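**Student:** Please see the structure below; I have some questions.
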Amino acid sequence: METGNRGAPEMRARSRLVVIGSSTGGPQALQTVIMGLAKDFPCPVVVVQHMPAGFTGALATRLNGIAAVAVKEARDGEILMPGCVYIAPGNYHLRILHDAGGRRIVLSDEPPVGNHRPAVNVMYESVAHLGKDVVAVILTGMGHDGRDGMHKIKDNGGYCIAQDEATCVVYGMPKSVIDAGLADEICPLPRIAEAIEAAVRR
C-alpha cells in the first residue's frame with residue numbers, strides 16, 4: 021500500500037527557488053541552460069545578467085521563443101510562478117521578497133554595487149534566508165560579483181552550482197566562488213540544466 025509521502029519530493033521541488041548570476045558570455049550560457057529546462061520545471065528561476073537597460077527585454081523575448089519554459093523580463097511587484105524564468109531588467113537591482121503573499125520581485129534604482137546594477141550579490145543576499153530552498157548558479161563572467169552573496173547562501177544551507185573553467189568565456193565569477201570553497205558542484209555548461217533539475221528535486 022502506498023504511503024501519503026508520494027507527493028513529498030514534488031512539494032519540495034515546488035518550494036525551491038533557482039537564482040542565476042552571469043556576465044560576460046552570459047547570454048549564450050543562459051540560452052544553453054534555459055533551453056535545457058523541462059516544460060514542467062517545478063519552481064521559479066530568477067536571473068541577473070550584467071546588461072544595459074533595453075537589452076534584457078530583448079534577451080528575454082528571444083529566449084522565450086526558443087525555450088520550453090516561459091521567459092520574461094521581471095516586473096516590480098510580480099509574484100514568482102513555477103516554471104517561469106525572470107530576467108532582471110538592465111539598470112535595476114532585483115531582490116526577492118518573501119511574505120504572506122508569496123515570493124515577489126522588488127526592483128530598485130539604488131546605486132550600483134561593485135559597479136553593477138543589477139548586481140548578482142544583491143539578488144543572492146535577498147534570498148539567502150530561504151536556506152535549503154535556494155539553488156544558486158554562477159555562470160561565466162568577469163570579476164567576482166556573486167561571491168559575497170553566495171557566502172550568505174551557503175551559510176544558510178543553500179546549494180551552489182558553478183560553471184567550470186573550460187566552458188566559461190571569462191572564468192572570473194565562477195572562479196571566485198570556487199576558490200572560496202563555496203561550490204557544491206562544478207559543471208561544464210552543457211550539464212548545468214541537468215544539475216539544476218537534480219538539485220531542485222533532491
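First residue of the sequence shown? That's 21 in the numbering used here, and the numbers climb one at a time after it. Backbone N, C-alpha and C fix where the C-beta goes; we use that ideal spot for every residue, glycine too. In this text the structure is predicted, and so the values were computed from the model without any measurement.
1) In the DSSP assignment, what are the bridge partners of LYS92?
2) Which parts of the segment 21-55 are runs of the alpha helix (DSSP H), unbroken and 4 residues or longer, counting only runs that do not cross its ends?
3) Pull up the distance between the alpha-carbon of ASP119 and that of GLY97, whole angstroms please.
4) Just curious, the alpha helix (DSSP H) that LEU209 is in, first and last residue?
5) Would you say GLY56 and LEU159 are within 9 Å of each other, going by their C-beta atoms?
6) I'd like to know if the segment 199-209 and the segment 166-185 are in contact, where contact means that at least 3 CB-CB pairs between them fall below 8 Å.
7) May I ask you to report which of helix, strand or coil DSSP gives GLY161?
8) Distance, Cα to Cα, ASN141 vs PRO29?
9) Let me know the secondary structure DSSP gives HIS149 once reduced to three states.
10) Kindly give me the distance between the Cβ atoms of GLY178 and ALA148, rounded to whole angstroms, as I take these residues to be in contact under 8 Å.
11) Please state whether DSSP places HIS171 in a helix, a strand or coil.
12) Look up ALA87 in the DSSP assignment and say whether it is helix, strand or coil.
13) What is the DSSP secondary structure of ALA223, reduced to helix, strand or coil?
14) When the Cα atoms are used, what is the spatial distance from ARG32 to CYS104?
15) For VAL133 versus ASP165, is the C-beta spacing smaller than 9 Å?
16) Report buried or exposed for GLY161, applying the criterion of at least 16 other Cβ atoms within 10 angstroms of its Cβ.
17) What does a CB cutoff of less than 6 Å around THR187 pick up in its chain, not counting 5 residues either side in sequence?
**Tutor:** By the coordinates alone:
1) Residue 92 sits at position 72 when you count from the first residue of the sequence shown. In DSSP, LYS92 forms a bridge with TYR106.
2) 28-35, 46-55
3) Position 99 of the sequence shown, counting from 1, holds the residue named residue 119. Position 77 of the sequence shown, counting from 1, holds the residue named residue 97. Approximately 12 Å between the Cα atoms of the pair.
4) Position 189 of the sequence shown holds residue 209. Residues 209-220.
5) Taking the first residue of the sequence shown as position 1, residue 56 is located at position 36. Taking the first residue of the sequence shown as position 1, residue 159 is located at position 139. No, they are not a contact pair.
6) yes
7) Numbered from 1 along the sequence shown, position 141 holds the residue referred to as residue 161. DSSP places GLY161 in strand when its eight states are reduced to three.
8) As a first step, residue 141 must be located in the sequence shown, where it is residue number 121. As a first step, residue 29 must be located in the sequence shown, where it is residue number 9. When rounded, the distance between both Cα atoms is 29 Å.
9) As a first step, residue 149 must be located in the sequence shown, where it is residue number 129. The answer is helix: DSSP assigns HIS149 an H, G or I state.
10) Counted from its first residue, the sequence shown places residue 178 at position 158. Counted from its first residue, the sequence shown places residue 148 at position 128. That pair is a contact at about 7 Å.
11) On the sequence shown, residue 171 is found 151 positions in, with the first residue counted as 1. Here HIS171 sits in helix by DSSP.
12) Counted from its first residue, the sequence shown places residue 87 at position 67. ALA87 falls in the coil class under three-state DSSP.
13) This structure leaves residue 223 out entirely; the chain is present only between 21 and 222.
14) The residue you call residue 32 lines up with position 12 of the sequence shown. The residue you call residue 104 lines up with position 84 of the sequence shown. So the two alpha carbons sit approximately 17 Å from each other.
15) On the sequence shown, residue 133 is found 113 positions in, with the first residue counted as 1. On the sequence shown, residue 165 is found 145 positions in, with the first residue counted as 1. Their beta carbons are under 9 Å apart, which means VAL133 touches ASP165 by this criterion.
16) Reading the sequence shown from its first residue, position 141 is the one you call residue 161. Per the 10 Å Cβ criterion, buried.
17) Sequence index remark: in the sequence shown, residue 187 carries index 167 (1-based). Within the same chain, THR187 has close Cβ partners PRO208, LEU209.
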